[in-house]
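Here the structure comes first, spelled out in structure tokens, and everything after it is commentary.
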Amino acid sequence: MNPRNPSKAGEASKPSRPRNRKARAGLAAAAAGAVLAAAMLAGCGSSGPAGAQSPQDAANAAAMANPNLDMGTSLDNSPAPDIKLTNQFGQPMSLRQFRGRVVIVAFSDSECTTVCPLTTQSMLLAKRLLGKAGNNVQLLGVDANPRATSVADVLSYSQAHGMVNQWDFLTGSLAQLKATWAAYHIAVQIQSGQIDHTPALYVISQQGKLQKVYLTAMAYSSVVQSAQVLAQEASALLPGHPKLASEQSLGTIPGQSPADALSLPAAPGSAGTGSAASHVTLGPGKPRLVVFFATWLTETSNLKAELSVLSTYAKDAARRGLPALTAVDETVTEPSAQAVGAYLAKAAPLSFPVGMDETGRVADGYSVQDQPWLTLVSAKGKVVWSHDGWLPLPALEQAVAAHAG
């Protein structure tokens, strides 16, 4: 049993860091070969009579057709390469010490604001779906950021995502990490100052054998679906094959676009969310600036200061006739909805409403690719401008004014 440290680092002195891009690169060598082999085998199967598809076959077909969900690629049951690194508490750890448990290991950037938080949340939800049987599942992360490899870096990420006591996030020297990446066919590179890495997640059996590899898609609505797929794979490996606490369709989930009239639950602590205003509306009818964010951005930026800038914009917009501001918290990637309310209650009073995207459908419908993500929408429900990242107030108002006309 590892000692746990639930302390949370402050954010007041944190400067904004460059966000890291995650290319959905294919796995190299063995993993790529496994994908090809699986596809070839699938093509050799015989089909039943036309119209005789069972409900389970139909569900499987819908899942396989979902472009935002990876159902996993079976591996060769070979021994998983050992991992000897240090966790977020500075403790040396080895993959071998988890024999007897199903291990889910993800390669995640310790400063990621794009796909890694989706992977992290899906891992956590998968374990929860297994109920008590989840005690026999070990969650591991391996740092995939060559520029942020300290124990403090992996601890900070774990704190921001509510994972301090939920997993072991491993790091080490750059040489140690490079050796681990190579053993698991993880491509890591820096291009134009941005970090790309293979967004891979492996499931390893109780005997330490490689079972499946998954690639996380940049789709917020698939977080819960990905969790279900992971939980099903873990269940198949666990004694008694425990049932999942809940299941949903794995078919494609349509996004909710700026052309759709929406009503989102209002986040506690945001402007205009008293007893008479429990929802936040989006959709056509008037131009608006929509800002997508998550409270875990405290790890990479001074979030309170950025929200204060947005409050000033909201006040200036009313005075200058600029599009009003609505913020959307990407709740599907948050530790919990309660954590969102708790954070906003401690932030300075906001002068704009905050809706909660609990399914990820809004982010997908607005083509959000990072956090934060700024989008200017016309009265007709068309996106006329988008920006990745925070902007100083003058630059934000200038950009909105330039595109709003």
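In terms of the working numbering, the sequence shown has 1269 at position 363, counting the first letter as 1, and numbering is strictly consecutive.
Here a beta-carbon is modelled for each residue, glycine too, at the ideal position from N, C-alpha and C.
Subject >> Option nearest PRO973 by Cα separation, candidates THR1122, CYS1018, SER1217 and ASP963 >> reply: Minimum Cα distance to PRO973 is reached at THR1122.
Subject >> Cutoff 7 Å: SER1163 Cβ touching any chain C Cβ >> reply: The structure shown contains no chain C; it holds only a single protein chain.
Original post:
Which residues in the same chain have their Cβ closer than 8 Å to the Cβ of VAL1289, if we skip the five residues on either side of it in sequence?
Top reply: So the list reads PRO1164, TYR1272, SER1273, THR1281, LEU1282 and VAL1283, once near-sequence residues are dropped.
**OP:** Leaving out five residues on either side along the sequence, give the residues of the same chain with a beta carbon under 8 Å from the beta carbon of HIS1309.
**Re:** The residues are LEU1282, VAL1290 and TRP1291.
Original post:
Which runs of the alpha helix (DSSP H), 4 residues or longer, sit entirely within the region 1118-1180?
Top reply: Within the region 1118-1180, the alpha helix (DSSP H) runs of at least 4 residues that lie entirely inside it are, in chain order, 1129-1143.
Original post:
Would the beta-carbon of ALA1140 be found less than 6 Å away from any heavy atom of the ligand NAP?
Top reply: The ligand NAP is not among the ligands present in this structure, which contains no ligands whatsoever.
Original post:
At what residues does the beta strand (DSSP E) containing LEU1282 begin and finish?
Top reply: Judged by DSSP secondary structure, LEU1282 falls within the beta strand (DSSP E) whose first and last residues are 1279-1283.
Original post:
Leaving out the 5 sequence neighbours to the left and right, which residues in its chain are closer than 6 Å to PHE1013 when beta-carbon positions are compared?
Top reply: Cβ within range, chain order: VAL1048, ALA1050, ILE1092 and ALA1106.
Original post:
What is the rounded straight-line gap between the Cα of VAL1234 and the Cα of LEU1195?
Top reply: Going from the Cα of VAL1234 to the Cα of LEU1195 covers about 11 Å.
Original post:
Taking the alpha-carbon positions, what's the SER1277 to LEU1045 distance?
Top reply: The identity of residue 1277 in the sequence shown is Gln, whereas the question assumes Ser. If you draw a straight line from the Cα of GLN1277 to the Cα of LEU1045, it is about 24 Å long.
Original post:
Hey, how far is the Cα of LEU1216 from the Cα of THR1201?
Top reply: Each residue's alpha carbon lies about 15 Å from the other.
**OP:** Determine the direct distance from the alpha carbon of TRP1087 to that of GLN1095, and round the result to whole angstroms.
**Re:** Distance between the alpha carbons of GLN1095 and TRP1087: 11 Å.
Original post:
Smallest Cα separation from VAL1306: which of VAL1260, ALA1081, PRO1229 and THR1055?
Top reply: Nearest of VAL1260, ALA1081, PRO1229 and THR1055 to VAL1306, Cα basis: PRO1229.
Original post:
How big is the Cα-Cα spacing for ALA847 and LEU1136?
Top reply: The shown model of the chain, from 907 to 1311, leaves out residue 847, and the question about it has no answer.
Subject >> For LYS1115, the three-state DSSP class (helix, strand or coil) >> reply: Assignment of LYS1115 by DSSP, reduced to helix, strand and coil, places it in the strand class.
**OP:** May I ask you to report which of helix, strand or coil DSSP gives PRO998?
**Re:** Judged by DSSP in its simplified three-state form, PRO998 adopts strand.
Subject >> Cβ-based burial, ASP982 [other Cβ within 10 Å; buried from 16] >> reply: Counting the other Cβ atoms within 10 Å of the Cβ of ASP982 gives fewer than 16, which makes it exposed.
Original post:
Are there three or more Cβ pairs, one per stretch, closer than 8 Å when the region 1054-1069 is compared with the region 1149-1157?
Top reply: Short answer: they don't touch.
Original post:
Using DSSP with H/G/I as helix, E/B as strand and the rest coil, what is MET1029?
Top reply: In the structure shown, MET1029 falls within a helical segment according to DSSP collapsed to helix, strand and coil.
Original post:
First and last residue of the alpha helix (DSSP H) that includes VAL1268?
Top reply: Per DSSP, VAL1268 belongs to the alpha helix (DSSP H) from 1267-1271.
**OP:** Could you spell out where the alpha helix (DSSP H) holding LYS1252 opens and where it closes?
**Re:** Run containing LYS1252: 1243-1252, per the alpha helix (DSSP H) assignment.
Original post:
Does the Cβ of LEU1299 have 16 or more other Cβ atoms within 10 Å, making it buried, or fewer, making it exposed?
Top reply: Here LEU1299 is exposed: its Cβ has fewer than 16 other Cβ atoms, across all protein chains shown, within 10 Å.
Subject >> Coarse secondary structure for ARG1226, derived from DSSP in three states >> reply: Note: ARG1226 maps to helix in three-state DSSP.
**OP:** Return yes when the Cβ of SER1176 is within less than 7 Å of the Cβ of LEU1061, no when it is not.
**Re:** It is not a contact, given that the beta carbons lie outside the stated cut-off.
**OP:** Measure the beta-carbon distance from LEU1203 to GLY1261 and round it to whole angstroms, keeping in mind my assumption that it falls under 8 Å.
**Re:** Wrong, their Cβ atoms sit about 17 Å apart, outside the cutoff.
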